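Counting with the numbering used here, you get residues 563 to 843 for the letters of the sequence shown. We put the beta carbon where it would ideally sit given N, CA and C, even for glycine. As the structure is a computational prediction, the values presented were derived from the model and not from experiment. Okay, so here's the structure we're looking at.
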Amino acid sequence: MSSSPLKNRVKSKIRVGILGCGAIGSRIAKSIKAQCDDRALLTALFDINPAKSENLQKHLSPKNVVKKSYAELLGSCDLVVEAVNAPDTRQLVRQALLAKKDVLVMSVGKFIEGGSIFELAQKQGVRVLIPSGAIAGVDALKAVSQQRIDRITLTTRKPIYGFADNAFVQQKRINLSQITRETVLFEGNVREAVKCFPQNINVAATIALASHSKDKLRIRIATSPEFKVNSHEIEVSGEFGRLVTRTENVVCPDNPKTSLLAVLSAVRALKEYFQGVKIGT
Ligand SMILES: NC(=O)c1ccc[n+]([C@@H]2O[C@H](COP(=O)([O-])OP(=O)(O)OC[C@H]3O[C@@H](n4cnc5c(N)ncnc54)[C@H](O)[C@@H]3O)[C@@H](O)[C@H]2O)c1
Numbered sequence: 563m564s565s566s567p568l569k570n571r572v573k574s575k576i577r578v579g580i581l582g583c584g585a586i587g588s589r590i591a592k593s594i595k596a597q598c599d600d601r602a603l604l605t606a607l608f609d610i611n612p613a614k615s616e617n618l619q620k621h622l623s624p625k626n627v628v629k630k631s632y633a634e635l636l637g638s639c640d641l642v643v644e645a646v647n648a649p650d651t652r653q654l655v656r657q658a659l660l661a662k663k664d665v666l667v668m669s670v671g672k673f674i675e676g677g678s679i680f681e682l683a684q685k686q687g688v689r690v691l692i693p694s695g696a697i698a699g700v701d702a703l704k705a706v707s708q709q710r711i712d713r714i715t716l717t718t719r720k721p722i723y724g725f726a727d728n729a730f731v732q733q734k735r736i737n738l739s740q741i742t743r744e745t746v747l748f749e750g751n752v753r754e755a756v757k758c759f760p761q762n763i764n765v766a767a768t769i770a771l772a773s774h775s776k777d778k779l780r781i782r783i784a785t786s787p788e789f790k791v792n793s794h795e796i797e798v799s800g801e802f803g804r805l806v807t808r809t810e811n812v813v814c815p816d817n818p819k820t821s822l823l824a825v826l827s828a829v830r831a832l833k834e835y836f837q838g839v840k841i842g843t
């Protein structure tokens, strides 16, 4: 029988802890406060940089929810919203699951080999929520994964400034300022993509998990001075036929590597979680 916090809290509010108070964690926290006040209560904020959590708290009520440690956060919430940019994200999520907390995962790229996390969640009777992110068609990908998939490609196009401090681009000595037209920065498989572009390509991991076909997934990442939005184009062919989706996403004002749709999808996933309903993905 599941002991998911959701089941235990049908009448009272669900206590939410935000792990990582950067661009995404802050936007999610403010949206929960503004839009889900009847179902959820922000009870804990933790960031390895205390100035980030202190600053976020100024925009929220109740006050005094900043925690001094992750352990303290885990002791004060039912659901953890993971929005960190950390080398040990997998370990942090594991810790939450071991503490029997449901977890909404934003850093999906860290979980492409993630069988063990999902198995642990099942064993603990808790849930891992993965929002659809900045792409369309995750519901269809999940459906078609029940049959043979022959080929999946993701083409991501982002403005040049979205790659400004990318280590792969620097290593390859790609001079971004000299790019004048559409230029492919990377072509390869999903494992290499999330390793080389950890901040830009979580959607590739979401596609890999939803389709159960990571070995058939090819990723292409391109930039151009003409690109003003983050776009993601997915093409899938298989036994079901052919599927093409494309999103053209406004860049998140607080972080140019992130699409606003990624935050909107997380907030929607949380609303459905709080209400105990789920439509699509
Ligand atoms: N799923 C998606 O569609 C999607 C889209 C965009 C970004 N993301 C991912 O979401 C995560 C957050 O993105 P962001 O734009 O908010 O990044 P950000 O850099 O703005 O914020 C990350 C925060 O995490 C904090 N942090 C780092 N290590 C920590 C630790 N060990 N404990 C607590 N806090 C820690 C940092 O201090 C920072 O404030 C990233 O991993 C990013 O790749 C996912």
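Check the DSSP bridge columns for N611 and list the partner residues they point to.
Paired residues: none, contrary to the question.
Based on the DSSP output, what are the partners of G579 in its beta bridges?
G579 is bridged to A606, V642.
Would you say L660 and P693 are within 9 Å of each other, going by their C-beta atoms?
Against a cut-off of 9 Å, the Cβ pair of P693 and L660 comes out as no contact.
Within 10 Å of its beta-carbon, does I744 have 16 or more other beta-carbons around it, so buried, or fewer, so exposed?
The amino acid at residue 744 is misidentified as Ile; the sequence shows Glu. Counting Cβ neighbours within 10 Å, E744 comes out exposed, since fewer than 16 surround it.
With respect to the beta strand (DSSP E) encompassing R782, which residues constitute its N-terminal and C-terminal limits?
That run of the beta strand (DSSP E) goes 779-786.
Where I769 and P815 are concerned, what is the direct C-alpha to C-alpha distance, given to the nearest angstrom?
So the two alpha carbons sit approximately 25 Å from each other.
Measure the C-alpha to C-alpha separation of T742 and K720 and round it to an integer number of angstroms.
Rounded to whole angstroms, T742 to K720 spans 14 Å at the Cα level.
Grab me the residues of N817's own chain with a C-beta within less than 8 Å of its C-beta, minus the 5 sequence neighbours each way, in chain order.
So the list reads G584, A585, I586, once near-sequence residues are dropped.
Let me know the alpha helix (DSSP H) ranges lying completely inside the stretch 782-834, each 4 residues or longer, listed in chain order.
Counting only runs of 4 or more, we get nothing.
DSSP on Y749, reduced to helix/strand/coil?
The question names Tyr, but residue 749 is Glu in the sequence shown. If DSSP states are grouped into helix, strand and coil, E749 belongs with the strands.
Are there 16 or more other CB atoms within 10 angstroms of the CB of G579, so buried, or fewer, so exposed?
Buried, by the Cβ-count rule.
For a quick check, are the C-beta atoms of N762 and R780 less than 9 Å apart?
No, these two residues do not count as a Cβ contact at 9 Å.
Which value, in whole angstroms, describes the spacing of the CA atoms of L607 and Y632?
When rounded, the distance between both Cα atoms is 9 Å.
Going by the beta-carbon positions, is the gap between F802 and Q709 smaller than 9 Å?
Contact: yes.
May I ask you to report which of helix, strand or coil DSSP gives I722?
If DSSP states are grouped into helix, strand and coil, I722 belongs with the helices.
To which residues does DSSP link I711 through a beta bridge?
DSSP output for I711 lists G800 as bridge partner(s).
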